[in-house]
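Read the structure below first, then the notes.
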Amino acid sequence: AFSCSSHRCLYRLQSACGSNIWTVETIGFNLRCVPGARRRFSASGIRAEGGGEDAGGFWAEKGITWRSLGLDGEVVGALMRAGLPHPSLVQAAAIPSILGTGDVVVAAETGSGKTHTYLAPLVQKMWKAGASGIEDAEDKEKSPFEGLGFGLGLVLCPNALLCHQVVDMANALRGEDGQPLVRVDMISGGQGWPTYLPDVVVATPAALLNNLFGFDANRRRRIAFVKAVRMVVFDEADMLLGGGFVRDVGRLIDLFRLEEKRISKLRELEASVETKIEFKEPEFRRVWSEAEGQEEAGDVAEEVEREAQEIVDESGNSLLFEQRAQESTASSGQSASMQRRSEWLRNRKEYKRSKQYIFVAATLPQAGKSSPGAVLKQKFPAMTWVHGNFLHRHNPMLEHRWVHVNKDNNLLSVLTDALRESRSNARTLVFANSVEGVDAIARVLDQCGLKCMRYHRDLSVEDKAAALSSFEEEGGTLICTDAAARGLDIPNITHVIQAEFATSAVDFIHRIGRTARAGQPGFVTSIYTDANLTLVNAMRDAMTAAIPVEGAFSRKRSLRRKVKKYGSYEDAQKAKSALTKQ
Ligand SMILES: Nc1ncnc2c1ncn2[C@@H]1O[C@H](COP(=O)(O)OP(=O)(O)OP(=O)(O)O)[C@@H](O)[C@H]1O
């Protein structure tokens, strides 16, 4: 074990060890050379390991290029022009699967390049549809049974800030003519349906559902949209599959899956019956922009019922259910709608896929039946899982300093000392646990003559955007809540300070993940009190033992019980893995 406190030393050590032979990790201030694991493809999925010339395991190995991953020249050129000359390790591990038609989960550490991991293949599929002369939306409908090449891409994010970030990254992928390769637009609370037909829609689940079923809903446009979506990406998937998002996201998945079942049944019926099926596919472009008059707010369940009758033969009889319903009603006496529903339930497993679902997250708990990871395994059993090298683990490019606030010091002095250490042009992100905490810290720093900006949910959209762009352009100090922790990608954040320690291991990972991104070094100062000791000790144990922090994802109470029973987080994890082995 070597001990050093500078990244210069890290790189010297790295060259001594050879980057592909050892993975060099900074644990606190101690460096440890451990045998570098190899890239592994196992039954449980693809593990993006090994890594290129940097200590952070960000880059794919030298021989791997965007083109070798299956991306076309136009998209490769766009990535190069966007300043992304070489794929990251996670992109190399996941893009070939996403370019296929199967569902994929990308669970990889913060700053590993997950956004372009799904954007590059998504843009390629949409660009190919456009570039192959199928310019007009109506044409795209002519082959609803085609693979995933036609139709719309949809990216769901938990908040409007991340939607804007994804739209900007997608629009930065431009052709030689300087124009974005695909048309990307956003649907959020403030923005309704785009007036023109985009190739990719980026939305929050609530805003999308509101536009599909809300007060100004338009059923034919809804049907056209659900039919046209071919690839759905869930960014920050653990958040979308939990908490306040799970109902809306579940309704959207039901809608898209229902559509897949309908198309699958159509394929079956076309193969088995002589009757020509009229596939009532509304003209996508016309419907997309035409307001066909208001209608009452719909609901997914009703939609499921009504959709099921959309498939009719020349004489207008619904082929899918009426026949079956009439036959079986006579026998079982159940109502036709009950028959229809039981038909759907029977069909729910056997249907041919025609859409692709991609789930992306930096934290993906799998413990417990209702955890996002468990839900994915249950609902999407055939999915390809791609794991990042440092998923739920300490990033070796991150140096971490822990400061215990007690009777001998106070938060203000510790915080101002930490801020004064930051270089003048540095970008320092300071986390507090509440809006009041942000305002109080900002007030005190202002009084100390330390200029800072604020970011939290109570600020207006304009004030939030202004704070972020000023922070991005001029650097300085931004005091924020966890609203700025998830997914936010502001280049060159050099220092993250937790003025108030995170209340959960998941928030801890997302906070410290705002720095040391894309293989860059980063520095974190975590200020904590006795009240945070259980979580702090668990995080420090995990870093020292180089084990994942997932065991601390549980609620505070159960973590405290675990640590009390076994004495430390590391021993608790050892006991758990021993139990699992038994
Ligand atoms: N192949 C690449 N080459 C160079 N930079 C890259 C590459 N891929 C991504 N990046 C950059 O890395 C940074 C992090 O990317 P991104 O935000 O997609 O990470 P992430 O894994 O989604 O992080 P988080 O989990 O925090 O959302 C971005 O600034 C992005 O431009």
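Just so you know, we're using our numbering here: the sequence shown kicks off at 359 and counts up by one. Virtual Cβ for every residue (Gly too), placed ideally from N, Cα, C. None of the values given here were measured: they were computed from a predicted structure.
May I ask you to report which of helix, strand or coil DSSP gives residue i?
{"i": "Q714", "result": "strand"}
{"i": "G795", "result": "helix"}
{"i": "L756", "result": "strand"}
{"i": "G909", "result": "helix"}
{"i": "S446", "result": "strand"}
{"i": "L389", "result": "Because L389 sits at a pLDDT of 28, beneath the cut-off of 50, its placement in the model cannot be relied upon, and the point is left open."}
{"i": "C521", "result": "helix"}
{"i": "S884", "result": "strand"}
{"i": "T473", "result": "helix"}
{"i": "I453", "result": "helix"}
{"i": "A841", "result": "helix"}
{"i": "W551", "result": "coil"}
{"i": "D865", "result": "helix"}
{"i": "L773", "result": "helix"}
{"i": "W743", "result": "strand"}
{"i": "F592", "result": "strand"}
{"i": "T786", "result": "strand"}
{"i": "R541", "result": "coil"}
{"i": "V513", "result": "strand"}
{"i": "W485", "result": "helix"}
{"i": "L599", "result": "coil"}
Return the residue from the list the options that minimises the CA-CA distance to residue i.
{"i": "G509", "options": "R588, T852 and G548", "result": "R588"}
{"i": "E820", "options": "G460, D430, C806 and G548", "result": "G548"}
{"i": "R439", "options": "P516, I453 and D535", "result": "D535"}
{"i": "Q482", "options": "L514, R532 and G471", "result": "R532"}
{"i": "V793", "options": "G550, V525, D816 and A450", "result": "D816"}
{"i": "H853", "options": "L773, Q537 and L893", "result": "L773"}
{"i": "A564", "options": "R578, F738 and R609", "result": "R609"}
{"i": "Q878", "options": "D865, T468 and N569", "result": "T468"}
{"i": "K809", "options": "F738, L777 and D596", "result": "L777"}
{"i": "S862", "options": "N850, E832, A841 and L893", "result": "L893"}
{"i": "L477", "options": "L429, L519 and A466", "result": "L429"}
{"i": "L616", "options": "D606, K585, M544 and E594", "result": "K585"}
{"i": "F738", "options": "G460, V763 and S546", "result": "G460"}
{"i": "T742", "options": "I716, K623, L787 and I870", "result": "I716"}
{"i": "L514", "options": "L447, V718 and E830", "result": "V718"}
{"i": "L512", "options": "G572, I611, G600 and G441", "result": "I611"}
{"i": "C838", "options": "P849, E832 and L826", "result": "L826"}
{"i": "V763", "options": "L891, L567, A720 and R875", "result": "L891"}
{"i": "V560", "options": "V542, V448 and G572", "result": "V542"}
How long is the line joining the alpha carbons of residue i and residue j, rounded to whole angstroms?
{"i": "Q714", "j": "E628", "result": "23 Å"}
{"i": "G746", "j": "T473", "result": "14 Å"}
{"i": "L480", "j": "L457", "result": "8 Å"}
{"i": "E908", "j": "F789", "result": "22 Å"}
{"i": "A436", "j": "A798", "result": "45 Å"}
{"i": "A784", "j": "G834", "result": "6 Å"}
{"i": "L722", "j": "D775", "result": "35 Å"}
{"i": "D929", "j": "A725", "result": "18 Å"}
{"i": "D526", "j": "L836", "result": "22 Å"}
{"i": "V433", "j": "L539", "result": "8 Å"}
{"i": "L613", "j": "A518", "result": "22 Å"}
{"i": "A595", "j": "Y554", "result": "28 Å"}
{"i": "I870", "j": "V864", "result": "10 Å"}
{"i": "D606", "j": "A466", "result": "25 Å"}
{"i": "D804", "j": "R812", "result": "11 Å"}
{"i": "P516", "j": "L598", "result": "6 Å"}
{"i": "G845", "j": "R872", "result": "8 Å"}
{"i": "R801", "j": "L770", "result": "11 Å"}
{"i": "A896", "j": "S546", "result": "38 Å"}
{"i": "H814", "j": "R620", "result": "44 Å"}
{"i": "Y880", "j": "T786", "result": "In the sequence as presented, Tyr is not what sits at residue 880; that position holds Gly. Spanning the two alpha carbons is a distance of roughly 11 Å."}
{"i": "G415", "j": "K623", "result": "46 Å"}
{"i": "V591", "j": "S780", "result": "37 Å"}
{"i": "P906", "j": "Q931", "result": "9 Å"}
Please look up how many angstroms separate the CB atoms of residue i and residue j, rounded, as I've assumed it's under 8 Å.
{"i": "V462", "j": "V744", "result": "7 Å"}
{"i": "E618", "j": "S712", "result": "5 Å"}
{"i": "V418", "j": "P443", "result": "At residue 418 the sequence reads Ala, which differs from the Val that was named. About 11 Å; that fails the 8 Å criterion."}
{"i": "G471", "j": "V448", "result": "6 Å"}
Under 7 Å between C-beta atoms, does residue i make it to chain B?
{"i": "L769", "result": "You won't find chain B in this structure, because it holds only one protein chain."}
Any 3 or more C-beta pairs closer than 8 Å across the segment 891–906 and the segment 751–764: yes
With a cut-off of 8 Å, do at least 3 Cβ pairs link the segment 727–738 to the segment 754–762? no
Are the segment 855–868 and the segment 878–894 in contact at 8 Å, needing three or more beta carbon pairs? yes
At least 3 beta-carbon pairs within less than 8 Å: the segment 514–524 vs the segment 574–584: no
Count the CB pairs spanning the segment 441–458 and the segment 733–740 that are closer than 8 Å, and state whether there are at least three. no
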